[in-house]
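Note that full-length UniProt numbering gives residue 414 to position 414 of the sequence shown, counting from 1, and the numbers run on in steps of one.
All C-beta atoms, glycine included, are put in the ideal place defined by N, C-alpha and C.
Quick caveat: nothing in here was measured; it's all calculated off a predicted structure.
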Amino acid sequence: MNRLQANILSYSFLSSFMLDQMEGERDRISDLPDSLLEYILTFLPTKYAVRTGVLSKRWKDLWVSHPYVSLRDDGINNQTVKVSKFMNFLNKILLHPQAKVKKIQLSSRERLESPEFIRWFQAVMMKDDLEELDLGFRKIYHTPQSNLTVCNTLVILKLDFGAFSGNKFPKSFCFPNLKTMHLNGFLLAYNFPNQLLQCRNLESLIIRNYILDLMSHGLVLNGSDDQKEVLSNISNAQIDSCYGFHGDVSDRSFLKNMINAVSNAKDLDLSLSIMEYLDRVFPNDMLEFNNLKHIKLYLRSSHVGALGYILQKAPNLESLHIESDGPYGSAHDALMLEQLRSSCSSANLKVIRMTNFILEDPVLELVQLIFDSAGSLEDIVIELDARLEMNNFLQCEKLLKLPRLSEDSVLHLKWEFGYSHHYFGHSHSYYHP
């Protein structure tokens, strides 16, 4: 039985109950054992499961065993009423002494004060069988995560308190069964990569809008600061730019250890600050990415050397996504270009996607190098910056006429602006709006 079928069945049971009550017939559903009724309630949205408590004395506290809590504060126009009802509802569910919550998904766009949140958080973390914690509170301030240190049952952890919320993630944590960790807007200690290794079953990692906690400098690993272990089960990882990245020894050590921890991934998304770090690394010091199939990189002209190093160290890479982060930059370093050419020649790339680019001469130079050296390419997609005046038709035609080593490859050149969508395709050189 899939989820939709189960939902329909649950609603049917409750509808049948109401009809029996209205027609004065014997309540057949309430004669079912608690375990079956509790199972039926698991397929109802949280707010509807709680409402069943008013049906009769038999149903009064059955909802307490509902293992899935999923709530959003939308649907009420009056903001004061909205927040008050949302908080009261959560107090009733999360603070109930008999609650048996396994999965919690809560989100609110309104400001929630720290005392209320702390009560919920502490109650949630005391659950012995908590499997999923997904919290999205965009306006919550300086909430200590001291309770979020050890949880043996947690499988999914998603915390989003808004960019630059100032919330500190614990300096020490251990989630041995965690498979998914998504964090947004946290202060991270310098030993975060090392602590991350305690999550040995981690498969998906997303770190967005983070800042390094300057007060945790003393937690940097001693000696060479090298972290040799990796997350063996990691499948995909996204590491955004580190705000306030200064490039000092501690900052570089943090990024190196983060990259090392996720180097076993099949899918990577690496930020500009990581590219800046990698651009300063010698080829022999570069980590190996033997399982990597797809990678997204943020690139400027000064980082082509780092791109070349990654291609060298990722022998199984098939898909490369390059995105321009701001102005691409001036002319390339000739030596770096030749190293990139050598890396492209030995790579097994099948798909290259370039997004948010303006067709300046350095960009055309990069594309021409890729065309000349990547012999296994099948598809090349170039999505241009939306500003039409920056991508004139002469530049587009020039790009379409560039020769390619892989004769079977197809070039897709497109951009969107206003209400129009423009597309160029090639091997045939054609255009249609």
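Of the candidates L130, L133, L178 and D251, D251 places its Cα closest to the Cα of L188.
Under the DSSP assignment, K158 falls in the beta strand (DSSP E) whose first and last residues are I156 to D160. Secondary structure note for N236: its beta strand (DSSP E) is the uninterrupted segment N236 to I239. Considering only A123, M87, S84 and P115, the residue with the shortest C-alpha distance to L95 is A123. According to DSSP, residue pairing for C242 in a beta bridge involves Y210. Taking a 10 Å sphere around the C-beta of Y243, we find fewer than 16 other C-beta atoms and assign the residue as exposed. Cβ atoms of F186 and L148 stay farther apart than 8 Å, at about 11 Å. For R252, the uninterrupted alpha helix (DSSP H) segment begins and ends at V249 to A261.
It is roughly 45 Å from the alpha-carbon of L399 to the alpha-carbon of L157. Cβ atoms of N201 and P176 come within 8 Å of each other, at about 7 Å. Excluding sequence positions up to five before and after S241, its CB lies within less than 7 Å of the CB of S271, L272 and S273, all in the same chain and listed in chain order.
Under a 10 Å Cβ-count criterion, A334 is classified as exposed, with fewer than 16 other Cβ atoms of the shown protein chains found around its own Cβ. Assignment of M275 by DSSP, reduced to helix, strand and coil, places it in the helix class. Check the Cα spacing between K100 and each of R119, E131, F117 and P115: the tightest is with E131. Nearest to F161 by alpha-carbon distance, out of N233, M126 and I207, is I207. By the neighbour-count definition (other C-beta atoms within 10 Å, threshold 16), F289 is a buried residue. In the DSSP assignment, L188 falls within the beta strand (DSSP E) that extends over F186 to L188. Of the residues assessed, S165 falls on the buried side of the cut-off, its CB having 16 or more other CB atoms within 10 angstroms. The alpha-carbon separation between N194 and D267 amounts to approximately 21 Å.
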